[in-house]
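Chemist:
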Amino acid sequence: MSFNATRPNLLAAPGVAWLVAFMVVPCVLVLSYAFFQRGVWGGVEYTFTLENFARVLDPLYAKIFLNSARIALTATVVAILIAYPAAYAISRAPRMSQPILLFFAVLPFWSNYLIRTYAWIVLLNREGLINNLLRWLGYTGEPLSMLYTESAVITGLVYNYLPFVILAIYSTLSRLNPELMEASRDLGAGPVRTFLRVTLPLTLPGVAAGGVFVFVLSIGNFVTPALLGGGRFQMVGNLVYDQFLTANDWPFGAALGAALILTMIVLLLLQARATAHASGESKGEASQ
Amino acid sequence: MNASSNPILRIEGVGKAFGPVTAVDNVTLDIKENEFFALLGPSGCGKTTLLRMLAGFESPNAGRILLEGEDISPLPPEKRPLNLMFQSYALFPHMTVRQNLSYGLEMERLDKAEIRRRVDETLATTDLTQFADRKPEQLSGGQKQRVALARALVKRPKVLLLDEPLGALDKKLREKMQLELKRMQHEAGITFIIVTHDQEEALVMADRMAILKDGRLLQVGAPEEVYERPADRFVANFIGVMNFIEGTVGADGLFRAEGLEVKAAGNAGPATLAVRPENIVIGPPGDLPVSGVIVDIAYHGLDRVLHIKTAATATPLQVRIPASGAGNWKIGDALSLKIDPVKCRLFQ
Chain A
1 MSFNATRPNL
11 LAAPGVAWLV
21 AFMVVPCVLV
31 LSYAFFQRGV
41 WGGVEYTFTL
51 ENFARVLDPL
61 YAKIFLNSAR
71 IALTATVVAI
81 LIAYPAAYAI
91 SRAPRMSQPI
101 LLFFAVLPFW
111 SNYLIRTYAW
121 IVLLNREGLI
131 NNLLRWLGYT
141 GEPLSMLYTE
151 SAVITGLVYN
161 YLPFVILAIY
171 STLSRLNPEL
181 MEASRDLGAG
191 PVRTFLRVTL
201 PLTLPGVAAG
211 GVFVFVLSIG
221 NFVTPALLGG
231 GRFQMVGNLV
241 YDQFLTANDW
251 PFGAALGAAL
261 ILTMIVLLLL
271 QARATAHASG
281 ESKGEASQ
Chain B
1 MNASSNPILR
11 IEGVGKAFGP
21 VTAVDNVTLD
31 IKENEFFALL
41 GPSGCGKTTL
51 LRMLAGFESP
61 NAGRILLEGE
71 DISPLPPEKR
81 PLNLMFQSYA
91 LFPHMTVRQN
101 LSYGLEMERL
111 DKAEIRRRVD
121 ETLATTDLTQ
131 FADRKPEQLS
141 GGQKQRVALA
151 RALVKRPKVL
161 LLDEPLGALD
171 KKLREKMQLE
181 LKRMQHEAGI
191 TFIIVTHDQE
201 EALVMADRMA
211 ILKDGRLLQV
221 GAPEEVYERP
231 ADRFVANFIG
241 VMNFIEGTVG
251 ADGLFRAEGL
261 EVKAAGNAGP
271 ATLAVRPENI
281 VIGPPGDLPV
291 SGVIVDIAYH
301 GLDRVLHIKT
311 AATATPLQVR
321 IPASGAGNWK
331 IGDALSLKID
341 PVKCRLFQ
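Chains as they are written, first to last, in the working numbering: chain A, 1 to 288; chain B, 1 to 348.
(1) Roughly how far, in whole angstroms, is the beta-carbon of B/Thr122 from the beta-carbon of B/Leu153, given that I think they are within contact range, below 8 Å?
(2) Go ahead and pull the three-state DSSP assignment for A/Ile100.
(3) Relative to the alpha-carbon of A/Tyr113, which residue among A/Phe103, A/Leu133, A/Leu162, A/Gly253 has its alpha-carbon at the smallest distance?
(4) Quick one: which chain A residues come within Cβ less than 7 Å of B/Leu84?
(5) Under 8 Å by Cβ, that's how I've got B/Phe37 and B/Ile193 pegged, so tell me the actual separation to the nearest angstrom.
(6) Taking just the CA atoms, how far does A/Gly156 sit from A/Tyr148?
(7) Assuming A/Leu173 and A/Ser91 form a contact by the criterion Cβ under 8 Å, report the distance between their Cβ atoms to the nearest whole angstrom.
(8) Between which two residues does the beta strand (DSSP E) holding B/Lys16 run?
(9) Give the range of the alpha helix (DSSP H) segment to which A/Thr117 is assigned.
(10) For B/Val241 and B/Arg183, what's the separation of their Cα atoms in angstroms?
(11) Could you tell me if A/Trp120 is buried or exposed, where buried requires 16 or more neighbouring beta carbons within 10 angstroms of its beta carbon?
(12) On the criterion of 16 or more Cβ atoms from any shown chain inside 10 Å, does B/Thr28 qualify as buried, or is it exposed?
(13) Buried or exposed for A/Glu285, please, with buried defined as at least 16 other CB atoms from any protein chain shown within 10 angstroms of its CB.
(14) Can you check which of these residues, B/Val319, B/Ala264, B/Leu218, B/Ala210, is closest to B/Pro341 by C-alpha distance?
(15) For A/Asn9, go through chain B and note every residue whose CB falls closer than 8 Å to its CB, in chain order.
(16) What is the rounded straight-line gap between the Cα of B/Leu161 and the Cα of B/Arg116?
(17) Go ahead and pull the three-state DSSP assignment for B/His300.
(18) Specify, as a first and last residue, the run of the beta strand (DSSP E) that B/Gln143 falls within.
(19) Check A/Met235 in the structure and name its three-state DSSP category.
(20) Kindly list the residues whose CB is nearer than 8 Å to the CB of B/Asp127, restricted to its own chain and excluding five residues on each side of it in sequence; keep chain order.
(21) Distance check for A/Asn131 and A/Phe67, CA to CA, integer angstroms please.
(22) In three-state DSSP terms, what is A/Thr133?
(23) Check whether the Cβ of B/Phe92 lies closer than 8 Å to any Cβ atom in chain A.
(24) Kindly indicate if chain B contains any beta-carbon less than 8 Å away from that of A/Val207.
(25) Quick one: what's B/Met85 bridged to in DSSP?
(26) To the nearest angstrom, how far is the alpha carbon of B/Glu180 from that of B/Gln130?
(27) Measure from the alpha carbon of A/Val165 to the alpha carbon of each residue in A/Val44, A/Val214, A/Thr263, A/Ala183, then state which is nearest.
(28) Please state the DSSP three-state secondary structure of B/Glu114.
(29) Quick one: list the residues of chain C neighbouring B/Pro74, beta-carbon separation under 8 Å, in chain order.
(30) Buried or exposed for A/Trp136, going by 16 or more other Cβ atoms inside 10 Å?
(31) Enumerate in chain order the residues of its own chain whose CB-to-CB distance from B/Leu203 is below 6 Å, with the five nearest sequence positions on each side excluded.
(32) Would you report the Cα separation of B/Ala150 and B/Leu101, rounded to the nearest angstrom?
(33) On a Cα-Cα basis, can you pick out the residue from A/Val16, A/Val192, A/Val153 that is closest to A/Thr76?
(34) Would A/Trp18 be called buried (16 or more neighbouring beta carbons within 10 Å of its own) or exposed?
(35) Quick check on this structure: which residue in B/Glu35, B/Arg10, B/Ile11 has the alpha carbon closest to the alpha carbon of B/Asp207?
(36) Give me the Cα-Cα distance between B/Ile280 and B/Gly167, rounded to the nearest whole angstrom.
Quick look at the structure:
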């Protein structure tokens with residue numbers, strides 16, 4: 001019996017069909033609205049126009065776009081800075097306890113996204129846990145306004161996506177031959193230089209994968225900015241949400257969505273290329 | 001032998017335990033300058049742990065490690081003037097061959113021109129110049145092995161440690177590299193300490209060797225010494241091929257087994273006689289004291305090994321004879337043999 005090329009294709013068919021039916025088709029439909037005009041009473045008037053895309057570039061909206069990118073980037077950097085040491089510690093723990101530690105890292109995922117985000121409201125509130133704790137410790141000034149700030153939004157985003165980053169970085173760290181770090185020490189590099197010149201460069205694919213993940217999910221997020229930002233910090237996700245559900249301007253919402261998806265695709269492609277490049281490099285050594 | 005007499009490295013009563021498991025047990029060993037020294041033993045004998053303690057990746061629970069009289073045991077690996085060639089080679093996959101070699105010199109903060117000069121020189125002596133800009137994944141196993149060696153040698157360590165350096169290579173290449181390593185050691189004038197489980201490799205390469213078992217040192221000596229005068233039964237069996245004959249030593253100083261008598265210097269009582277296959281002489285039936293029958297013949301090119309069933313042992317005795325001019329022995333032939341009393345060892 002010989003394996004022919006159609007067999008794997010057949011196996012992929014259900015998955016591909018699912019994606020086409022429930023992902024590609026709806027996306028194309030919605031995005032196609034971006035090329036039409038808005039109806040006077042909402043809805044879509046099927047007259048071709050590129051005006052919606054021009055509006056996306058309007059300084060007012062471009063600013064929101066850039067602001068979202070800035071918030072998403074901050075969340076990404078913070079998440080990586082927290083996740084890397086955590087992943088490193090897990091990868092260095094005894095083999096037996098690593099799955100348990102990973103389980104705890106991923107534990108927040110088992111609860112609902114909304115509930116997790118509401119929990120932060122309880123924590124950050126002027127009457128919330130943190131302010132109560134401060135008062136109990138003897139702080140007498142004005143309660144801190146932590147909720148409905150940009151920091152609150154960033155905190156929420158970091159908290160929600162941190163497990164992904166830990167997993168992504170852990171997976172590259174745990175595949176790294178520990179003798180590479182030992183070789184670096186043996187050749188005269190201390191722990192810091194070993195990290196900067198061997199460990200970090202060889203785990204960058206994991207950092208990139210986790211980072212792109214946080215960035216892509218953060219820039220399009222609308223729940224966290226709405227709940228923890230109190231609607232005061234509008235991000236692209238909220239803008240899209242508003243165009244579809246409040247302003248009833250589907251074509252413009254679709255154009256914004258298209259811009260967002262394009263950004264994500266470009267980032268994901270860059271990340272995939274970087275990963276393919278790096279894994280090609282480390283292949284030869286892994287087999288030892 | 002190119003070894004001078006003063007020890008460059010002294011291992012003094014070194015011990016290491018991992019929890020309840022003793023990996024290295026009170027090992028004391030002097031390694032001389034410019035010596036090619038082999039740590040030999042079966043897997044799990046503690047030889048790799050000992051090597052890792054020399055490199056600084058494990059710290060001993062007991063004892064001291066003196067390099068040129070100075071205790072280096074408290075120093076981290078990066079502060080020790082020794083280098084280790086890893087069994088997996090551990091080449092940095094994101095760096096070219098040149099960058100791999102330069103790395104250790106950059107850590108010494110040498111200036112760029114000096115690094116370039118020394119790397120070029122080492123690339124030339126290890127025949128790697130044409131591969132300087134390749135990444136490790138673009139190299140064959142033998143080339144990777146040379147890069148790993150070059151990366152350690154370029155640092156000009158006082159002692160080079162090699163952990164099973166030829167383990168990943170096929171037999172032909174391994175034999176070639178054994179001589180290559182010996183040549184490079186000679187040219188570089190650096191003390192080599194090699195860890196291996198392959199006794200043949202140790203015999204071929206080493207000036208002196210230490211045999212370890214269960215973390216303990218059994219014997220230290222030149223290959224000839226260890227081969228001809230093994231300290232105990234384990235060493236005798238581990239190095240080369242050895243025939244063991246169980247018997248007793250009588251009050252008259254003769255070792256006796258069924259149908260066999262050999263003059264032996266030993267105390268009266270049960271004993272084991274060990275004799276190498278090349279130290280048994282054979283002849284036509286009746287000519288020599290012990291009679292036997294050939295049960296198997298193994299041809300090795302240069303010589304033949306006859307497996308001879310006698311009354312003395314349960315397993316046939318192995319006898320090595322030159323392949324040329326050895327007569328026409330066939331399986332089933334009866335013959336007689338004699339053990340050279342000077343060349344055998346008695347274990348009691």
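No residue lacks a Cβ here, since even glycine has one placed at the ideal position from N, Cα and C. Computed from a prediction, not measured in an experiment: that's the story for all the values here.
Modeler: Quick answer:
(1) Their Cβ separation, rounded to whole angstroms, is 6 Å, which keeps B/Thr122 and B/Leu153 in contact under 8 Å.
(2) Judged by DSSP in its simplified three-state form, A/Ile100 adopts helix.
(3) Of the listed residues, the one whose Cα sits closest to A/Tyr113 is A/Leu162.
(4) Using a Cβ-Cβ cut-off of 7 Å, B/Leu84 is close to Asp186 of chain A, given in chain order.
(5) Contact flag correct, Cβ pair sits at about 5 Å.
(6) So the two alpha carbons sit approximately 11 Å from each other.
(7) A Cβ-Cβ distance of about 4 Å is found for the pair A/Leu173 and A/Ser91, placing them in contact under the 8 Å criterion.
(8) From DSSP, the beta strand (DSSP E) with B/Lys16 extends over 7-18.
(9) Membership of A/Thr117 in the alpha helix (DSSP H) is indicated by the continuous run 113-124.
(10) Going from the Cα of B/Val241 to the Cα of B/Arg183 covers about 28 Å.
(11) Result: buried.
(12) With fewer than 16 other CB atoms across the displayed protein chains lying within 10 angstroms of its CB, B/Thr28 is exposed.
(13) At A/Glu285, the pLDDT of 40 sits below 50, so the modelled position is not reliable; the number obtained from the coordinates is stated separately. Counting C-beta atoms within 10 angstroms of its own C-beta, A/Glu285 has 16 or more neighbours from the protein chains shown and is therefore classed as buried.
(14) Nearest C-alpha to B/Pro341: B/Ala264.
(15) When 8 Å is used as the limit between beta carbons, A/Asn9 is near no residue of chain B, the shortest such separation being about 30 Å.
(16) Roughly 24 Å between the two C-alpha positions.
(17) In this structure, B/His300 counts as coil in the three-state DSSP scheme.
(18) That residue, B/Gln143, is in no beta strand (DSSP E); its alpha helix (DSSP H) goes 141-153.
(19) In this structure, DSSP gives A/Met235 a state outside helix and strand, which the three-state scheme calls coil.
(20) These residues qualify, in order along the chain: Arg146.
(21) The residue asked about is misnamed: residue 67 of chain A is Asn in this sequence, not Phe. Taking the straight line from one Cα to the other gives about 29 Å.
(22) Note on residue identity: the sequence assigns Leu, not Thr, to residue 133 of chain A. Three-state DSSP puts A/Leu133 in a helix.
(23) Under the 8 Å criterion on CB atoms, B/Phe92 is classed as interfacial with respect to chain A.
(24) No, no contact with chain B.
(25) Answer by DSSP bridge pairing, in chain order: B/Leu162.
(26) About 19 Å.
(27) Nearest C-alpha to A/Val165: A/Val214.
(28) The answer is helix: DSSP assigns B/Glu114 an H, G or I state.
(29) Of the protein chains in the structure, A and B, none is chain C.
(30) So A/Trp136 ends up on the exposed side.
(31) Excluding positions up to five away in sequence, the list reads Pro223.
(32) Rounded to the nearest angstrom, the two C-alpha atoms are 7 Å apart.
(33) Scanning A/Val16, A/Val192, A/Val153 for the CA closest to the CA of A/Thr76 turns up A/Val153.
(34) The residue in question, A/Trp18, is exposed, as its Cβ has fewer than 16 Cβ neighbours within 10 Å.
(35) Taking each of B/Glu35, B/Arg10, B/Ile11 in turn and checking the Cα distance to B/Asp207, the smallest one comes out for B/Glu35.
(36) Distance between the alpha carbons of B/Ile280 and B/Gly167: 33 Å.
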